[in-house]
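So the structure is just underneath, and the comments pick up after that.
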Amino acid sequence: MANAVELLVDLNKKITEASQDNDFSRLLFLDTKRRALIQSLATDPDFVSDETSLTILKYTAEQNQKLVADITKRMTALTQVTGNKIRMLRSYRMAK
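Under the working numbering, the letters of the sequence shown match residues 136 to 231, in that order.
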């Protein structure tokens, strides 16, 4: 199962890149893949968790928590900007 742990590390890297690029659709796709992988690891009777894999899983959980908080902040900011632009356009229409 070391291969699965390597895949998890690779997915974490790609998720970080998608987050930095503000590519939310790719981020969601990769996160769905990561969740499925973690769930399959949890239900696989052949998966033996060693110190390395547990450390990676812990790191993944911590990074996911930080990522969710960061995305929530950014989505709130984007929503506010969009709302401001809509109000501006409505005001412009009314002024004509």
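Just so it is clear, CB atoms sit at the ideal spot from N, CA and C, and this is done for glycine as well.
{"query": "Please list the terminal residues of the continuous alpha helix (DSSP H) segment that includes residue 182.", "result": "Note, residue 182: premise wrong, no alpha helix (DSSP H); not H, not E."}
{"query": "Tell me which same chain residues have a C-beta within less than 8 Å of the C-beta of residue 146, skipping the five on either side of it?", "result": "165, 168, 169, 172"}
{"query": "Whole angstroms is fine: what's the gap from residue 199's alpha carbon to residue 177's?", "result": "17 Å"}
{"query": "In angstroms with no decimal places, state the Cα-to-Cα distance between residue 191 and residue 219.", "result": "41 Å"}
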